[in-house]
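The listed protein sequences correspond, in order, to chains A and B.
Going by full-length UniProt numbering, the first residue of the first sequence is number 1, and it counts up by one from there.
Going by full-length UniProt numbering, the first residue of the second sequence is number 1, and it counts up by one from there.
To keep things clear, I will list the structure first and then write my remarks on it.
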Amino acid sequence: MTHKLAVANLNAYYGQAHILFDVAFTVAPGEVVALLGRNGAGKSTTFLSIMAMVERRSGTVLFEGDDVSRLPTYAIARRGLGFVPENRRIFADLTVEENLMVGRQAPRPGAPGWTPETLFALFPNLAEMRKRPGGRMSGGEQQMLTIARTLMGNPSLVLLDEPSEGLAPKIVEQMAAAILTMKREGLAIVLSEQNLHFARLISDRAVILEKGRVRFSGSLAELEARPDIRDAYLAV
Amino acid sequence: MQLVFVQFMTGLASAASLFLVASGLSIIFGVTRIVNFAHGAFYMLGAYVAYTLTDRFTGAFGFWFALLAAAAIVAIVGCLLEMTLLRRIYQAPELFQLLATFGVTLMVQDLVLLIWGPEDLVGPRAPGLAGAVEIFGKRIPSYDLFLIALGPLVLAGLWLLFHRTRWGVLVRAATLDRSMVAALGINQKWLFTGVFGLGVFLAALGGALQIPRDAVNHGMDLRIIVEAFVVVVIGGLGSTTGAFVAAILVSQLNAFGILVLPKISLVLVFLVMAVVLVVRPWGLFGTRPPPAQASIGMAVRPWRPLAPGEIAVAAAVVAAVALMPLWLGHYALTVASEILIFVLFAASLHLLMSVGGLASFGHAAYFGLGAYGAAFVVKAAGLPMLAAIAAGPLLAALGAAVVGWFAVSLSGVYFAMLTLAFSQIVWSIAFQWVDVTGGDNGILGLWPDAFAASPAAFFWLTLAVVTPALVWLHMVIFSPFGYALRAVRDSELRAEAIGIDRRRVQWIAFVIAGTAAGLGGALFAFLKGSIFPDVMAIPTSVDGLVMVLLGGVETVLGPIVGAVVFKALAMWLISQTDYSKLVLGAVVVALVVAFPKGIVGTLADWRDRLTARRGAGPSDAEASADATAAEPPAGTMAPAPSPATVAGRTRP
Ligand SMILES: Nc1ncnc2c1ncn2[C@@H]1O[C@H](COP(=O)(O)OP(=O)(O)O)[C@@H](O)[C@H]1O
Ligand SMILES: [Mg+2]
Numbered sequence: 001m002t003h004k005l006a007v008a009n010l011n012a013y014y015g016q017a018h019i020l021f022d023v024a025f026t027v028a029p030g031e032v033v034a035l036l037g038r039n040g041a042g043k044s045t046t047f048l049s050i051m052a053m054v055e056r057r058s059g060t061v062l063f064e065g066d067d068v069s070r071l072p073t074y075a076i077a078r079r080g081l082g083f084v085p086e087n088r089r090i091f092a093d094l095t096v097e098e099n100l101m102v103g104r105q106a107p108r109p110g111a112p113g114w115t116p117e118t119l120f121a122l123f124p125n126l127a128e129m130r131k132r133p134g135g136r137m138s139g140g141e142q143q144m145l146t147i148a149r150t151l152m153g154n155p156s157l158v159l160l161d162e163p164s165e166g167l168a169p170k171i172v173e174q175m176a177a178a179i180l181t182m183k184r185e186g187l188a189i190v191l192s193e194q195n196l197h198f199a200r201l202i203s204d205r206a207v208i209l210e211k212g213r214v215r216f217s218g219s220l221a222e223l224e225a226r227p228d229i230r231d232a233y234l235a236v
Numbered sequence: 001m002q003l004v005f006v007q008f009m010t011g012l013a014s015a016a017s018l019f020l021v022a023s024g025l026s027i028i029f030g031v032t033r034i035v036n037f038a039h040g041a042f043y044m045l046g047a048y049v050a051y052t053l054t055d056r057f058t059g060a061f062g063f064w065f066a067l068l069a070a071a072a073i074v075a076i077v078g079c080l081l082e083m084t085l086l087r088r089i090y091q092a093p094e095l096f097q098l099l100a101t102f103g104v105t106l107m108v109q110d111l112v113l114l115i116w117g118p119e120d121l122v123g124p125r126a127p128g129l130a131g132a133v134e135i136f137g138k139r140i141p142s143y144d145l146f147l148i149a150l151g152p153l154v155l156a157g158l159w160l161l162f163h164r165t166r167w168g169v170l171v172r173a174a175t176l177d178r179s180m181v182a183a184l185g186i187n188q189k190w191l192f193t194g195v196f197g198l199g200v201f202l203a204a205l206g207g208a209l210q211i212p213r214d215a216v217n218h219g220m221d222l223r224i225i226v227e228a229f230v231v232v233v234i235g236g237l238g239s240t241t242g243a244f245v246a247a248i249l250v251s252q253l254n255a256f257g258i259l260v261l262p263k264i265s266l267v268l269v270f271l272v273m274a275v276v277l278v279v280r281p282w283g284l285f286g287t288r289p290p291p292a293q294a295s296i297g298m299a300v301r302p303w304r305p306l307a308p309g310e311i312a313v314a315a316a317v318v319a320a321v322a323l324m325p326l327w328l329g330h331y332a333l334t335v336a337s338e339i340l341i342f343v344l345f346a347a348s349l350h351l352l353m354s355v356g357g358l359a360s361f362g363h364a365a366y367f368g369l370g371a372y373g374a375a376f377v378v379k380a381a382g383l384p385m386l387a388a389i390a391a392g393p394l395l396a397a398l399g400a401a402v403v404g405w406f407a408v409s410l411s412g413v414y415f416a417m418l419t420l421a422f423s424q425i426v427w428s429i430a431f432q433w434v435d436v437t438g439g440d441n442g443i444l445g446l447w448p449d450a451f452a453a454s455p456a457a458f459f460w461l462t463l464a465v466v467t468p469a470l471v472w473l474h475m476v477i478f479s480p481f482g483y484a485l486r487a488v489r490d491s492e493l494r495a496e497a498i499g500i501d502r503r504r505v506q507w508i509a510f511v512i513a514g515t516a517a518g519l520g521g522a523l524f525a526f527l528k529g530s531i532f533p534d535v536m537a538i539p540t541s542v543d544g545l546v547m548v549l550l551g552g553v554e555t556v557l558g559p560i561v562g563a564v565v566f567k568a569l570a571m572w573l574i575s576q577t578d579y580s581k582l583v584l585g586a587v588v589v590a591l592v593v594a595f596p597k598g599i600v601g602t603l604a605d606w607r608d609r610l611t612a613r614r615g616a617g618p619s620d621a622e623a624s625a626d627a628t629a630a631e632p633p634a635g636t637m638a639p640a641p642s643p644a645t646v647a648g649r650t651r652p
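Structure representation (structure tokens):
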């Protein structure tokens, strides 16, 4: 089977600043890959580049074997590549149900299908606040909503940008459980994190970025065996 | 008491159309971030098309069908405009968007003239609603009652659309975070087109609904757009509820203003708008708008004052201009004087919009105030011309001080709308206050003193006034004050961190610009020998903006070149065709889309490219190296730069 996602030679720029240097990694169907690196390493920029949401970038992005690097953002999302940005970016004036409605796409063969009801089962907290505006939810609830919103598009792969950032330990556990459920449904996931704590609960493989370059790529077991790499490139 | 009631009902009925237009404007802005100046044009088109269709389709069913069909047809035109023009300028600075849509307004004015002719057209009464209903002993037209009921119905309908349909929810989501909506798989292109179509539909319906009340005429577009701007400034841009409440407020102020201050009724609206701005700068129901995506004037070649060699060139140019009376005839000299005056006008606006980053859409007000100020001094005090030319700008300075005080608390589109609304109020005072200003008849007999009576002498006088004024403006740009002004333009936060008081700096710039414009206005009064309210109407303000744009917004000498070229072209055009607005509007649109750097900016680009190619000197080599670095690498995925990003690209 080919890769679900194959990124190669990815370069990205903000104005004159060169941020990503030939970033490359692959994701197999149903696989969870952790994209690790300290703050400012280029994780978010990698995701934004895949989604065509940075001003200027070059390289190839193969999704299910097709080059999507020339497509506009919405067309990439329509192919089943879901994106959960950092800082949540929920629509603050829209209710929980309305936020989910925005994410809705037709069911996709070969990808797990979601409805508001199955998502409320995945994130029970949300079920209790269907009519609440997104702006009046706690950080953890917002994080759940933003994931649920992306799942409404029935993606076959999601890019999750630091889903555990700023969450209370209890919520982090819920989040890990939810992501494992997503994985069990057959979803491929790329998860960005600054450290291993959360990523090791769910990931199969890890890719480490530093200053916009890939410094390590291998299984989680291989990474666990290399404390030097962990100390050099990851936050504690 | 009965009179009050009648006025109240009239005000409510007028509010309906105003609400439709303003809510359309608000909805479009919410999603696309474009303030659609052409909204008034669509309102007018709605009325004209409805006039034609009600002629064709009669009977009760035919009439209502005609109104809806008119709105739908105009909405389709709006969608086509969005797809062909607006899609190209979504990333452009706000000023360009406003100007492009104003260009469309100009074109529509002439198209309407071509299609429907110059006469006011009186449409049919609404079948079944032609009579009146007696309430409290007063007869209220039933059509007014229908309109009064319609407003809340439309508000409710919009609420349902935005809360009970997926499309409406998508629109609200896009208003909050456009790129997130795209990341969720929604093609914004069609969302934008749909929203624009909806907004235009509302405006056109507002126009169509007016035909049983008022004659369809050519002034409708600008009148309604100014009122709609006032409404959204008061109600809050992006809020339909705000548009509803503010439309009622403004309509009531208009209705009662006639009773309370018959001479200057619009002053009431002015006062209310001023109070709202002080208490709630983003309007009653508005929220602080997101920062502009690209501001004008920023990220340009570093400006520098004229080098000694260039000063010599400038002096030679002035000397050459001074010799023009030797070979130009009377008419040509009058034209040349007018061009000189507008050079000063454009340069004064440039200080505000390019140096200060504040695009005023009402700069003509200060030009006009200067002219009226000079006229008052001559007529009331009987002072000689030179005293009048010196005193006239004081009135402009006063007006700019008052308006500027409110205006600088805002920026971007709010600033543009506010300055436009204030200028329109100044205009209407000149128009309404007949005892003082002569109203529409203007003030006549402002002849220059004997020594400047000949066209040549007046030309020299103009040159002798305009040249030092330009030099002074140039010195202001390169004074510490000018640097502070640019600092707040480029980064308000950083400028305030080093102790620059943004509001104070911008307010002073507003007053300086207004005073300089007023000086031009005072000269203009004597050049023409008369002064009419129209000199401070919207077209003059927009002419100024186009001059600066044509010359090059991001250049120092742009306004001078732009004013000369624009004024000469415009005068030539008017002599050549009856449809100069059509051509002018098309030119404005083309400028914004294809030529946003203007003449001076483009010439400077050529010069840079030429010197870079020759590769002479280290600084040039650096420039060329940078130019290549700025090119995306081969096989890049970057979208083709839009004109606006080209305009905004930095060069060392
Ligand atoms: N909008 C932006 N403009 C300029 N530089 C940016 C922008 N966003 C991020 N950067 C820079 O790009 C680099 C990578 O940032 P990012 O991708 O956000 O890292 P991470 O997500 O790994 O923390 C950082 O050096 C950051 O300062
Ligand atoms: Mg990040």
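Here a beta-carbon is modelled for each residue, glycine too, at the ideal position from N, C-alpha and C.
Only a predicted model underlies this, so the values are computations on that prediction, with no experimental measurement involved.
Query, Result
"Along the segment 159–178 of chain B, where does the CB come closer than 7 Å to a CB of chain A? Name the residues.", "ARG166, VAL169, LEU170, ARG172, ALA173, LEU176 and ASP177"
"Please decide whether GLN188 (chain B) counts as near chain A, where near means a Cβ-Cβ distance under 8 Å.", "yes"
"Can you tell me where the beta strand (DSSP E) holding VAL32 (chain A) begins and where it ends?", "32–36"
"Kindly indicate the opening and closing residues of the beta strand (DSSP E) around TYR13 (chain A).", "5–14"
"Looking at ligand 1, does it come within less than 7 Å of THR45 (chain A), judged from the CB to the closest heavy atom?", "yes"
"Determine the burial state of ALA629 (chain B): buried for a count of at least 16 other Cβ atoms within 10 Å of its Cβ, exposed for fewer.", "Only weak support is given to the placement of ALA629 (chain B): the predicted model assigns it a pLDDT of 35, under 50, and the question is left unresolved by the model."
"List the DSSP bridge partners of LEU159 (chain A).", "A:PHE83 and A:VAL190"
"For ligand 2, I want to know if GLU210 (chain A) counts as a neighbour, meaning its beta carbon is within less than 7 Å of at least one of the ligand's heavy atoms.", "no"
"Roughly how many angstroms separate the alpha carbons of LEU209 (chain B) and ILE498 (chain B), rounded to a whole number?", "54 Å"
"Could you tell me if ASN11 (chain A) is buried or exposed, where buried requires 16 or more neighbouring beta carbons within 10 angstroms of its beta carbon?", "buried"
"Which residues, in chain order, does the segment 73–94 of chain A contribute to contact with chain B at a C-beta distance below 8 Å?", "THR73, TYR74, ALA75, ALA77, ARG78, PHE83, PRO85, ARG89, PHE91, ALA92, ASP93 and LEU94"
"Helix, strand or coil: which one does DSSP assign to ARG288 (chain B)?", "coil"
"List the DSSP bridge partners of GLY218 (chain A).", "A:ALA206"
"With H, G and I counted as helix, E and B as strand and the rest as coil, what does DSSP make of HIS18 (chain A)?", "strand"
"What residue from A:PRO227, A:LEU122, A:ASN195 and A:THR115 has the CA that sits closest to PRO177 (chain A)'s CA?", "Checking the displayed sequence, the identity of residue 177 (chain A) turns out to be Ala instead of Pro. Comparing Cα-Cα distances from ALA177 (chain A) to each of A:PRO227, A:LEU122, A:ASN195 and A:THR115, the minimum goes to A:LEU122."
"Let me check understanding here. Comparing Cα to Cα, which of B:ALA60, B:SER479, B:GLN97 and B:ALA457 lies closest to PRO325 (chain B)?", "B:ALA457"
"List the endpoints of the continuous beta strand (DSSP E) containing GLU134 (chain B).", "132–135"
"For TRP522 (chain B) and ILE389 (chain B), which I take to be in contact (beta-carbon distance under 8 Å), what is that distance rounded to the nearest angstrom?", "Looking at the sequence itself, residue 522 (chain B) is Ala, so the reference to Trp does not match. At roughly 5 Å, the Cβ-Cβ gap stays under 8 Å, so ALA522 (chain B) and ILE389 (chain B) are in contact."
"Is there at least one Cβ from chain B nearer than 8 Å to MET51 (chain A)'s Cβ?", "yes"
"Please check if any C-beta of chain B sits within less than 8 Å of the C-beta of ARG118 (chain A).", "Note on identity: in this sequence residue 118 (chain A) is Thr, with Arg being the wrong assignment. Closer than 8 Å: no."
"Taking Cβ-Cβ distances below 9 Å as the criterion, which residues of the segment 180–204 of chain B are in contact with chain A?", "MET180, VAL181, ALA182, ALA183, LEU184, GLY185, ILE186, ASN187, GLN188 and LYS189"
"From the DSSP output, in three-state form, read off ASP490 (chain B) for me.", "helix"
"Between GLU193 (chain A) and ligand 2, is the CB less than 7 Å from at least one heavy atom?", "no"
"Just confirm the distance between the C-beta atoms of ALA400 (chain B) and VAL511 (chain B), as a whole number of angstroms; I'd bet it's less than 8 Å.", "5 Å"
"Relative to the C-alpha of PHE256 (chain B), which candidate in B:GLY11, B:VAL377, B:ALA517 and B:PHE422 has its C-alpha closest?", "B:GLY11"
"In whole angstroms, what is the alpha-carbon distance linking VAL436 (chain B) and LYS528 (chain B)?", "19 Å"
"Would a C-beta distance cut-off of 8 Å place LEU159 (chain A) and ILE229 (chain A) closer than the cut-off?", "no"
"Going by C-alpha distance, which of B:VAL4, B:VAL465, B:LEU129 and B:PRO393 is nearest ALA60 (chain B)?", "B:LEU129"
"If you draw a straight line from the alpha carbon of LEU3 (chain B) to that of GLU119 (chain B), how long is it in whole angstroms?", "32 Å"
"Would a check of beta-carbon distances place ILE229 (chain A) closer than 8 Å to chain B?", "no"
"Please find out if some non-hydrogen atom of ligand 2 comes closer than 7 Å to the beta-carbon of ASP161 (chain A).", "yes"
"What does a CB cutoff of less than 7 Å around residue 700 (chain B) pick up in its chain, not counting 5 residues either side in sequence?", "Lying before the first or after the last residue shown, residue 700 (chain B) is absent from chain B, which here runs from 1 to 652."
"Count the other CB atoms within 10 Å of the CB of GLU631 (chain B); is the residue buried (16 or more) or exposed (fewer)?", "Any reading at GLU631 (chain B) needs caution, since the residue's pLDDT is 35, under 50, leaving its predicted position unreliable; the model's value is listed next. That one is exposed."
"Between GLU98 (chain A) and chain B, is there a C-beta pair that is closer than 8 Å?", "yes"
"Using a threshold of 7 Å, is the CB atom of ALA199 (chain A) nearer than that to any non-hydrogen atom of ligand 1?", "no"
"Check whether the Cβ atoms of GLU554 (chain B) and SER354 (chain B) sit closer than 8 Å, and answer yes or no.", "yes"
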